[in-house]
Amino acid sequence: MVPSIPQFRVVTTVLPCLAIVTTLFRFYIRHTRGKLWWDDAWAFLSLLCIIVLMVANLVHLKDPTTVPHDSKIAVYYMVAQFYYAVAWSARLSILFTVIRLSFERMRRVLAYMSVVFFIIWAILFAQVWWVCEAEPSWKGQPIPQCALGRNVAIAQVITDVTTDAILIFAPINLIWSVRLNKVLKIRLVAVFATTSITTAVSLYHAYAVFRVGGLTEGVAATVQASVSLLVANLPVVVAFLFKLHSSPESDFDESDNQEPLHISFVKQKRNPTSTLGLTTTTGSTPIKVDVHGERIHAQVDESRTAVGDGKEHSGVGCRHEDVHDIPDTFELKVLSGSSDSTDILHK
1 MVPSIPQFRV VTTVLPCLAI VTTLFRFYIR HTRGKLWWDD AWAFLSLLCI IVLMVANLVH
61 LKDPTTVPHD SKIAVYYMVA QFYYAVAWSA RLSILFTVIR LSFERMRRVL AYMSVVFFII
121 WAILFAQVWW VCEAEPSWKG QPIPQCALGR NVAIAQVITD VTTDAILIFA PINLIWSVRL
181 NKVLKIRLVA VFATTSITTA VSLYHAYAVF RVGGLTEGVA ATVQASVSLL VANLPVVVAF
241 LFKLHSSPES DFDESDNQEP LHISFVKQKR NPTSTLGLTT TTGSTPIKVD VHGERIHAQV
301 DESRTAVGDG KEHSGVGCRH EDVHDIPDTF ELKVLSGSSD STDILHK
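The opening position of the sequence shown corresponds to residue 1 in full-length UniProt numbering, with each subsequent residue numbered one higher.
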């Protein structure tokens, strides 16, 4: 059924407003806890874009006699492009939520994936221009709307399904690899699996682009954009609700992993002398050194001298629980009766 203009106005107002309210609540949660991060920045961008999308939709359907025709064409392009802006910035927000919860290799892989997401967004952005400008006859309509056609629909289906699959399976793999009770894991999996709702709506939108067009296509685009932003906010909002009624471990979203992301396309060489649990042997006595941050736990009962920044820190007859604070870059000299038994450890 083709929606009427009043129905279109209701849908394009109510759903974006619901997404806006949910996003503001998300910011309130994160701000009060001091947990704002990059996923919130992408959610904020999506919030701004959905406001523009909502206004552009309302202007696009105004009486053609009240708006200059060139402005109507510009407004259509705003509707088409800000739909992509809302949907893809919301996807990037979800991706950065998963990055926030990840460590080491998975964190780096997902960081590179965010670059891929942005490139896909840029390609889809450009596709609208080259499709619509190739056949400009639509610009003469009273309410201008470009017939995007099959190629745009196919591109949307491929990119939406692929990226949504990543956003579903990446957090599920992460959740099942950490120590949480089974009930909480199921709840968290269910939260991230709601991305599949976005996939379902995007498939309907692609069908509307290919087969229907008109107001139906506009409604489908608005629904998908609004659902995308709502789903991006769910992990934060649901984690907040879990914490109100559960143990502290249920606050899985509130990870303190807010360290900066470093994305490099040049493979870095590892320092072979930088290690955890370094074991060195002097004579017949094995010495194990555990490196944790800025501390060294020396597990041997003998003399040690640590030299760093020109200062010498020594301890004689230390037990395994003794701890010496040592600078980030230091020399560790192990003295066990042999004059040549010196190991240099650079952290």
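For each residue, glycine too, the CB sits at the ideal point set by N, CA and C.
When secondary structure is reduced to three states using DSSP, Thr-65 falls in the helix class. In the same chain as Thr-23, and ignoring 5 residues on each side of it, the C-beta atoms closer than 7 Å to its own belong to Ala-43, Leu-47, Leu-229, Asn-233, in chain order. DSSP, read as helix, strand or coil, puts Arg-107 in helix. At least 7 Å separates the beta-carbon of Leu-188 from that of Pro-3. Cα atoms of Pro-6 and Val-14: separation of roughly 12 Å, rounded to the nearest angstrom. For Thr-12 against Met-54, the beta-carbon gap comes to about 6 Å, under 8 Å, which counts as contact. Across the structure, Ile-51 and Ala-80 are spaced so that their CA atoms are roughly 14 Å apart. Cα atoms of Leu-95 and Met-106: separation of roughly 12 Å, rounded to the nearest angstrom. Of the candidates Leu-167, Gln-156, Trp-176, Leu-241, Gln-156 places its Cα closest to the Cα of Val-201. Between Lys-72 and Pro-144, the CB-CB gap stays under 7 Å.
A residue is called buried once 16 or more other Cβ atoms fall within 10 Å of its Cβ, and Thr-65, having fewer, is exposed. Val-75 and Val-212 have their C-alpha atoms some 21 Å from each other. Annotation: Leu-203 to Ile-123 spans about 19 Å, alpha carbon to alpha carbon.
Taking the C-beta atoms as reference points, Cys-49 is found no nearer than 7 Å to Ala-90.
Note that the segment 95–104 touches the segment 163–183; at least 3 beta-carbon pairs, one per stretch, sit closer than 8 Å. At a cut-off of 4 residues, the continuous stretches assigned as alpha helix (DSSP H) that sit fully inside the segment 148–209 are 149–176, 182–193, 195–207.
Between the C-alpha atoms of Val-161 and Val-10 there is a straight-line separation of about 28 Å. Look at Cys-146 here: in three-state DSSP terms it is coil, with no helix or strand label.
DSSP, reduced to helix, strand and coil, places Lys-243 within a helical segment of the structure shown.
Looking at Thr-159, Trp-130, Asp-40, Asp-70, the one whose alpha-carbon comes closest to that of Leu-148 is Trp-130. Non-local C-beta neighbours of Glu-217 in its own chain, meaning closer than 7 Å and more than five positions away in sequence, comprise Ala-208, Val-209, ordered along the chain.
Taking the C-beta atoms as reference points, Ile-175 is found no nearer than 7 Å to Lys-182.
Of the residues Gln-141, Ser-137, Arg-150, the one whose Cα lies closest to the Cα of Gln-127 is Arg-150. If you draw a straight line from the Cα of Arg-33 to the Cα of Thr-198, it is about 28 Å long. Remark: C-beta atoms of Tyr-83 and Ala-239 do not approach each other more closely than 7 Å. Here Asp-39 is near Ser-93, since their CB atoms are less than 7 Å apart. Taking a contact as a CB-CB distance under 8 Å, the pair Thr-195 and Leu-167 counts as one, their CB atoms being some 5 Å apart. Secondary structure note for Trp-42: its alpha helix (DSSP H) is the uninterrupted segment 38–60. Counting the other Cβ atoms within 10 Å of the Cβ of Ala-153 gives 16 or more, which makes it buried. If you draw a straight line from the Cα of Arg-108 to the Cα of Ser-114, it comes to about 10 Å.
With fewer than 16 neighbouring CB atoms inside 10 Å of its own CB, Arg-179 falls in the exposed class.
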